[in-house]
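All remarks here apply to the structure that follows.
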């Protein structure tokens, strides 16, 4: 990625209110090529934000530009954008292939049959494509909708809860697909409640809480930035209380406690320092260290901290 | 445009709708046949007022068109499938126009055949009369269709508002207050009929044919333009 | 000194559980609120209250006209001029009441079906019969109110515009139970037919258009046909004019033919036939409606 590259999507000072309810408040961020995860609790404003980014909803204030152009009331831009909304309704009377073909036709795809074959192949629904979508399971409908989103090979993909109804196998398949698409230089924004998967897939996350942007960037970097919160590190060893007495003398340790199951939990703001000192202390006290693991080095914990606050 | 046109045709031509439209469209034809067969057939004026004016143009045409036209966008909004159409590079008028054309394609044949048969039977096979009734019917379908398509976009209560328009405005007020007629689609459809064949509705006052044609185009085009504007500006669910 | 720690976490509800009757009342209240758009934002209120407004406005206009006639033409001028009365009001307002039922009635049933909410009702101690009976009762209440309110306004206005109000009331007190009963009949008829049509589909729009089409189109069709054929057959054909079935009952209650039905061939049929026909067109659809919901399970 070139350092001073223009952002693909720029959201600038965007707010949206419905009557007296502020759904999104003064949000600004840039999205670059790669996979960006949009996260937040229910009612945080994620869907409203996505709808504004796709031009489906107007902003109350602020601007949203895609490739430098306003996205609202700009139909030609949709040749380069693929959108999958959270609503699962499809045209029940249509067969899967017919639906993807229609979407391809609407988006001006020229080599339609081949494009449809490719898109349906990507979501692994070639066997079911000639069946009416009314007969599809929820997961199949989601996949066919994804095929319809991909049929015109858009440079930008905006996906709202794309994994709804997907079984574990389909989730794995979907993750591979996303990585492949991102490697091709596409920009993917996906909103999801499934933190584990976003963690595995997204390069960058945007955390929305109560309509405001609470954090953006890599989740580990966000975690490091939360410096008012000490890290929790769990240590399994031979003599937890003896090790606790030694560890608590370290400057980098805020507190220690011993779990009912005998694990030592260390709260520290400087995990790097702890990493160096802990084995040294254990060796000095002749205590065998069996396991050392961070308890909150996950997106879920970052999410939890930010939402709680 | 073809994609939207075909989609709308499929969405709106279910079995039940077709059956109900067939029944409604055949009513005026049956009445015309019965009236002719009766010993004391009504006068041309009575037939025109009651059957063509009130029943056909005032009830059957607007109701049939309302059921289809309000659903053209109304169902997409309710089902949240409208985004499938709007997140596409086609200009918005290439979404609203095929919707209207699809409505005319579905309702038009039923109404037109009903109108032509009714006219042919009632006016004893005189082609100017038959043509006048047929053309006016299609014009009414275009005008009502355009208005109700727009209504389906702007309001979730489109059917209620449309029914109020038909029953109260067209059915009630325009019968009593002459000024209201100038804002009545039925009035212009009848004026068009009279313009093509002067013997039709000869007992009423009409605007000239050119005005009737102009209003038909203005109403059809005007509401289509408003619908396109709304589609551009609305938040699509 | 002893101390106690209270567990303020999740606790099971151990109070009284009120059962089916409470459930029915809840569905009834919700039906009332849905029909009138109460607690549902201003948009939901527009249509029902426009209809109620129009119905009341007709009564007010009638009162003003009669009052003016009495004032300028002297006492009894309204009757001499054959101005509309309570009986005629029902005839005039019937089509508006039916359109009201056609548009607002489907809201009570179609939405629940469409959103799958009906299952939530049925997993409570409520049966399908409870659900439909409560919904019917709710809409019946609204329709009865819509039918009675204008008549009450009319009666009060007529009493107050009479030169001797007390005399007017004592001379016309019978009008009150009459218009209440006639209004009840209209409300029951419109409610039952509207809800029956709504029970067949989850799309409100189709129900409304179908019902209005049925009401508005059977009227001229049956009348035209009836006049052509004439005789007893013609009278029976005109009985299929769905808009006038409750209006005939109104005529029977008031003992006079109203303006709306004075040209209907059916007016010549015996009173018991008109009443029986009304009950057939209310009770049979009511039974079908109940049967459709009776066996519903979640």
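Residue numbers (my numbering), protein chains in the order written: chain A, 1 to 309; chain B, 310 to 546; chain C, 547 to 844. Each residue gets a CB set at the ideal place from its N, CA and C atoms; glycine is no exception.
- Looking at the backbone, the Cα of residue 292 of chain A and that of residue 258 of chain A are separated by about 14 angstroms.
- Residue nearest to residue 315 of chain B within the set B:426, B:507, B:414 and B:505 is B:414 (criterion: CA-CA distance).
- Sequence-distant Cβ neighbours of residue 611 of chain C in its own chain, meaning closer than 7 angstroms and more than five residues away, are 629.
- By the rule that beta-carbons nearer than 7 angstroms mark a contact, residue 177 of chain A does not touch chain B.
- When beta bridges are read from the DSSP output, residue 17 of chain A appears opposite A:22.
- Here residue 557 of chain C is exposed. Its C-beta has fewer than 16 other C-beta atoms within 10 Å.
- Taken in chain order, the unbroken stretches of alpha helix (DSSP H) that lie wholly in the stretch 137-191 of chain A and span 4 residues or more are 138-150 and 168-183.
- Judged by their CB atoms, residue 461 of chain B and residue 366 of chain B are not nearer to each other than the 7 angstroms cut-off.
- For residue 34 of chain A, the pairing in a beta bridge is given by DSSP as A:187.
- By the C-beta criterion, the stretch 524-538 of chain B is judged to be in contact with the stretch 496-505 of chain B, since at least 3 inter-stretch pairs fall below 8 angstroms.
- Interface criterion met: the Cβ of residue 469 of chain B is under 7 angstroms from a Cβ in chain C.
- Rounded to the nearest whole angstrom, the CA to CA distance from residue 75 of chain A to residue 86 of chain A is 21 angstroms.
- Contact of residue 352 of chain B with chain A is not assigned, every C-beta pair being separated by 7 angstroms or more.
- The continuous stretches of beta strand (DSSP E) do not include residue 324 of chain B, which lies in the alpha helix (DSSP H) extending over residues 324-346.
- If you ignore the 5 residues before and after residue 310 of chain B, its C-beta comes within less than 6 angstroms of the C-beta of 403 and 407, all in its own chain and listed in chain order.
- Rounded to whole angstroms, residue 214 of chain A and residue 207 of chain A show a C-alpha spacing of 5 angstroms.
- Under a criterion of Cβ atoms nearer than 7 angstroms, no residue of chain B is adjacent to residue 204 of chain A; the nearest Cβ is some 24 angstroms distant.
- In this model, residue 576 of chain C and residue 739 of chain C are separated by some 20 angstroms (Cα to Cα).
- Residue burial annotation: residue 260 of chain A is exposed, with fewer than 16 other C-beta atoms found within 10 angstroms of its C-beta.
- Taking a Cβ-Cβ cut-off of 9 angstroms, the neighbours of residue 344 of chain B in chain C comprise 770 and 774, given in sequence order.
- One thing to note: residue 531 of chain B has its Cβ no nearer than 7 angstroms to the Cβ of residue 467 of chain B.
- Shown here for residue 338 of chain B: same chain residues with a beta carbon closer than 8 angstroms to its own, the five before and five after excluded, namely 423, 426, 427 and 430 in chain order.
- Note on geometry: alpha-carbon atoms of residue 684 of chain C and residue 655 of chain C lie some 12 angstroms from one another.
- Below the 7 angstroms Cβ cutoff, chain B contributes no neighbours of residue 67 of chain A, its closest Cβ being approximately 13 angstroms away.
- Secondary-structure assignment with DSSP links residue 267 of chain A through a beta bridge to A:232 and A:255.
- The bridge partners DSSP lists for residue 10 of chain A are A:30 and A:65.
- Taking C-beta atoms as the reference points, residue 454 of chain B and residue 412 of chain B count as a pair closer than 7 angstroms.
- For the pair of segments examined, the stretch 603-610 of chain C was found to touch the stretch 691-704 of chain C: the number of CB pairs separated by less than 8 angstroms reaches three.
- Secondary structure of residue 723 of chain C (DSSP, three-state): helix.
- Counting C-beta pairs with one atom in each stretch, the stretch 673-684 of chain C and the stretch 711-719 of chain C have fewer than three that are closer than 8 angstroms, which means they do not touch.
- The straight-line gap separating the alpha-carbon atoms of residue 222 of chain A and residue 216 of chain A is approximately 7 angstroms.
- Annotation: Cβ neighbours of residue 383 of chain B in chain C (cutoff 8 angstroms, chain order): 751.
- A residue is called buried when at least 16 other Cβ atoms come within 10 angstroms of its Cβ; residue 152 of chain A meets this threshold and is buried.
- Look at the beta carbons and you see the stretch 167-175 of chain A touching the stretch 194-210 of chain A: at least three pairs across the two are nearer than 8 angstroms.
- Residue 837 of chain C is not bridged by DSSP to any residue.
- Inclusion of residue 636 of chain C and residue 736 of chain C in the CB contact set at 7 angstroms is not warranted, their separation being larger than that value.
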